[in-house]
Amino acid sequence: MSTHSYKKFEDVESGAMPDKMTIFQDCLRAFNSSPVDAKKCRTLIARLLRLLYSGETFPKQEATTLFFSISKLFQHKDSSLRQIVYLAIKELSSISDDVLMVTSSIMKDVQNGDIIYKPNAIRTLARVLDGSTVHATERLMKTAIVDKHPSVSSAALVSSYHLLPVAKDVVKRWTNETQEAVLALKSFPSTNEVFVTDSLITQYHALGLLYTLRNHDKMALRKIIQQFSKNLRNPLAICQLIRYVHEILTNDPSLIPTLFPLLQDWLNDRHHSVNLEAIKAVVSLPVTNEQFASAVLRLQFLLTAPKVVSRFAAVRILNRLSLKSPEKIVAVNNELESLINDPNRSIATYAITTLLKTGTSDNIERLIKTISKFINDISDEFKIIIIDAIKTLSLKFPQNYKSMLLFLVDILKDDGGFEFKNSIVEALFDMIYFVPESRDLALENLCEFIEDCEFTELSVRILNLLGNEGPKTTNPTLYIRHIYNRVVLENSIIRSAAVIALSKFALIDPTINKSIKILLKRIVNDVDDEVRDRATISLKFLESLEKDEESKKDIVELTKPSYTYDLSILESKLQTYISGDQANFVTPFNIELVPKISEDELRAIQLRNKTSKVEEEIRSRDQIKASVDETAHRTHLEESQNADLSKQQYIQELGSITEFQDYGAVLHSSSIIPLTEKETEFVIESIKHVFKDHIVIQYNVENTLDDSLLEMVSVIAQPESDELVEEFILSIDKLPPHGKGTVYVSFTRPETSTIITTPFTNTLSFTSKECDAQTFEPFDDVGFEDEYQIEDLDLTPGDFIIPSYIGNFNLAFDELTSEAIGTFNLSSNSIQETVDHLIDVLSLHPVEGKQVANESSHTLKLFGKTIKGDRIGALIKFVKSAKSGVTLKALIKADDEEIAETVLNGIN
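Take 1 as the starting number for the sequence shown in UniProt numbering and just add one per residue.
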């Protein structure tokens, strides 16, 4: 039975692709017959177009024959046939010869043709013209652009886009007509709204063409905005103009006070699409709190709009804003709660996830109970969005882990695909790693999950987790039974993972060791060779524990290391070792040059990246290229990845310099600090590198001058502290115009001082020579010496502190013996900005996250270690008032009193 569906009198084979040669021959016969059968010709051209649209093509000779055969149909009076003829000519013009021959016939239809096919003729004319013939049609195109019929005018404007690559200078001469097209229909009566909106599409096309012609000129672009901001009535055209305003304000934020009244008017426009575009522009710009609040107020109104699409767009924008500034959208929580029961489950999902990000620890349980009521009614895609929000919330409020953990465990039992199950398992893994209190309960539920898990990959990952975390629990024997069940019941891949997990349990207790060996001896006879090999190796390891105490230490260190190496630096060092003079492997690789990272430090890095990665995944899943995502809401993940890559590159460069190879490993590197504006003649950035006995300041210097060659470029850095003694300066020999180079200044520091805080005065010193802008050859060999003053650079406590994860902050904080207390009144108007600044300056890890839920008061917990291993904890309470701004009280505790005082003084 045929799978084609067809109606009565329809060709049974209509679903099959037509034969190319058959179509070619049938078209030639039908187009050259007399009289012409219009209906048959339309059918044949439709089948020909289907071939061309599907990617089929004809040889140039056959295409030319078809092209001129079709052009004979210009004489037919049937309007429908003439329409489809132009479609075919437009497609064949790119693969045919001598297409200019039909220009006169097309121009005739453009000038005097029927309104039905006149727009098609204009579009086809733009495809057959080239740079030498476009001048002949200039008058026709100008007339068509200002035509009173919108379809003709739009066809001419869109065709102008296609003519830009071949005749841009000619199209530029149509600017006056294009401006007239923008304003031609502004006097339409507003009685027939649908007719007016469809007719005014000409404004959208004309405005886009004007922008294409003038986007290189900032003043011309501003003139377009001022000229048309009050004259546009088409929503698409207004949205396009808002994007132009946003582009100008992004490049020059100083114009915000001047142009923001326009955005304010569009926020209150009667078209919701215009409101939404204006809102996205406002929230992505560095506007004041009042201006931002006006956009949120309009979003609040749109949340109650009767149109589903308006509510959906508004709640999605709020969801994005909650990732960056949750404290600024708390005012709409009441409207968001009313959307939880919205009939559209997509809106309800976005509403609940937004509430989770803006909520406090007090209403988490209530929100989770609400989610449980409708979680089964939505698709897996939206379930994953909710799970990601729960995961973020668990890292933000670890004290409320029980309700979130139970929710995840409940939905883990539901049916679903791999993506859905994997997102739940990922969330549970994060809770186990970063919320230690949840470990036992989460592991027990994961054990139950793998009893009936259909996904091998998830079972292997959970077994690996059980092997790592199970031995740390109070009752490790509870998990051994579940693991051994996998050896008996599952496939060879899962059995192999279970063998390794069992082996890890044998390291904690001799009694368990004996039981594990009995189980492993049974597995040695497994039918799969991979399982047998793993069981045999594990038995050999366990037997060596009983014979040699040194072997026991080595195996424990191998399976449960207390530290790890920075893998990126290790990779770069190994590459340098292999490709350098040591390629003969006579000199052993010095692993001491690679910095070690403790487990706490590694978890702090993982937690920081994990939080940012969750937000990035939520954004990328929306697949919408909004201004919110493109400008203001660039994720912390991208920033941290770029910073980490830069640090790795700089550390690798340091390791390749002979003068620094005896310094040992880099203990800490700062972020990139600009010392000049980007518009100055010399652009300079600095990075501080701390070694065991040295401090190296790296200055990246860029010469932006067009005709000046710089020689002997160095930086004179003078610290105020006598503890630092300058050792040497590595200068730049030559820096050509628009060239870049690096200056290194090395200081020795006393080993007794853990933290040194001092400012540096910096002066760029160089010899300048005028040179040829093309060859960079100097006109004068002498030149003149000059200096350039740049901004000061400070050594801060954060340069000697490494963020460190801590499971129980209160317990660790109480163990610290030395403390320092201080109260500070800062000029900042935002607690969130102050929190971000302190984390960056002090380089401490935010234990319970850094998001501020309440802008009137907040408590921040920080923890870290110095480069020598001394612990540091900070408990900082913030209060914000309208008169005094942000006031904070900081309690700093450390293993050493001097360190606590120094860190406290670093708060500014």
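Just so you know, even glycine gets a beta-carbon here, dropped at the ideal spot from N, CA and C.
All of these numbers come straight from a predicted model, not from anything done at the bench.
In the displayed model, R50 falls within a helix according to three-state DSSP. Judged by DSSP secondary structure, D733 falls within the beta strand (DSSP E) whose first and last residues are 732-735. Going by C-alpha positions, T370 is about 48 Å away from T202. Distance check between S827 and each of A820, I907, I145 places I907 closest, using alpha-carbon atoms only. The region 827-841 and the region 894-903 do not touch, with fewer than three beta-carbon pairs separated by less than 8 Å. Sixteen is the threshold: when 16 or more other Cβ atoms of the shown chains lie within 10 Å of the Cβ of T178, as they do, the residue is buried.
Taken in chain order, the whole alpha helix (DSSP H) runs of length 4 or more contained in the region 236-316 are 256-267, 272-283, 289-302. Per DSSP, the unbroken alpha helix (DSSP H) holding H482 starts and ends at 477-489. As far as DSSP is concerned, L336 takes part in no beta bridge.
By the CB criterion at 7 Å, V128 and S159 fall outside the cutoff.
Between the alpha carbons of S294 and T288 lies a gap of roughly 10 Å. Distance between T137 and Y211, taken at the CA atoms: about 23 Å. One Cα belongs to A314, the other to I385, and the distance between them is close to 17 Å. In this structure, DSSP gives Y805 a state outside helix and strand, which the three-state scheme calls coil.
Nearest in C-alpha terms to A237, of all of Y204, L441, I248, I225, is Y204. Of all alpha-carbon atoms in I248, L49, V713, F784, the one lying nearest the alpha-carbon of D217 is that of I248.
DSSP, reduced to helix, strand and coil, places L200 outside both helices and strands of the structure shown, so it counts as coil. DSSP places N120 in the uninterrupted alpha helix (DSSP H) bounded by 118-128.
Of the candidates S670, K517, P759, L539, the residue whose Cα lies closest to the Cα of I801 is S670. Our two residues, S572 and D440, have alpha carbons roughly 39 Å apart in a direct line.
Pairwise C-beta distances place the region 317-332 out of contact with the region 265-273, as fewer than three of them are shorter than 8 Å. Within the same chain, Cβ atoms closer than 6 Å to the Cβ of L730 are found at Y744, the five residues on either side in sequence being excluded. Counting along the chain, no beta strand (DSSP E) covers K369; the unbroken alpha helix (DSSP H) around it starts and ends at 364-374. By the neighbour-count criterion, in which a residue is buried when 16 or more other Cβ atoms sit within 10 angstroms of its Cβ, D430 is buried. K573 carries a helical assignment under DSSP once its states are collapsed to helix, strand and coil.
Beta bridge pairing from DSSP links E819 with K893. Note on F784: under 16 other CB atoms within 10 angstroms of its CB, so exposed under the neighbour-count rule. The beta carbon of A535 sits closer than 6 Å to the beta carbons of V499, L520, I523, V524 from its chain, once the five residues preceding and following it are set aside; these are given in chain order. The beta-carbon separation of V134 and V166, rounded to 7 Å, stays under the 8 Å limit for a contact. Cβ atoms of H668 and D799 come within 8 Å of each other, at about 6 Å.
Per DSSP, H694 is one residue of the beta strand (DSSP E) stretching across 694-703. In this structure, DSSP gives R871 an extended state, which the three-state scheme calls strand. Counting along the chain, V409 sits inside the alpha helix (DSSP H) bounded by residues 401-412. Inter-residue distance for F374 and F382 is about 11 Å (C-alpha atoms, whole angstroms). Bounds of any beta strand (DSSP E) do not take in P150; it lies within the alpha helix (DSSP H) bounded by 150-172.
Distance between L735 and I684, taken at the CA atoms: about 13 Å.
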